[in-house]
Amino acid sequence: KFEKKKKSNKYNSKKKKSRRSRSRRKSRRGRSHRKSRRSRRRRKSRRCRSHRKIRKEKVEEKVEEAEAIEKNRRKCRRDRRHRKIRKNVEEAEAIEKVEVEVEVAEAIEKVEAVEVEEKVEEAEAIEKNRSKSRTGRSHRKSRRSRSRRKSRSGRSHRKKSKKNSKREKP
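With the UniProt record's numbering, letter number 58 in the sequence shown gets 58, and the count goes up by one each step, no holes.
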């Protein structure tokens, strides 16, 4: 009944009043109808040269504003990056300081340990000299060598009990 109208450019074609039923015309009073009315109003204001000029200025202002914002954002980002770098450098310096302190402390400890060892060695040397003053091997536990002493430990080499020795005698 109603063929679909070929979609025409909404803005540059004058609308031909179509012969439609009243009910259909009424249905155009919804949102879409309001929208079309609004667009028509907007077009009217666009036609005027002064309006066009004003619009151009507005657009330029907006563009400038956007550029300024972008520039500022870039600057902020740069500042943030620099701040981050600075922070990292400071942290690294602090860590280095701590490491240096630790190294110094370790070096001091090492020196002290060496001194203590030297003292101990001196004391041992003195002790050795004192023990050396006793002549001969009399101060040692026994004349038997250590390896032999080791090998002669065990059940078979233990001192026999007195009971057995008594029994063996006639």
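Just so it is clear, CB atoms sit at the ideal spot from N, CA and C, and this is done for glycine as well.
No experiment lies behind these values; they were computed from the predicted model shown.
Taking the alpha-carbon positions, what's the residue i to residue j distance?
i, j, result
"R55", "A66", "16 Å"
"A107", "E90", "26 Å"
"E109", "A125", "24 Å"
"V114", "V98", "24 Å"
"K119", "V111", "12 Å"
"R130", "V116", "21 Å"
"R81", "K71", "15 Å"
"S50", "A68", "27 Å"
"R73", "D79", "10 Å"
"A94", "R77", "25 Å"
"E103", "E122", "29 Å"
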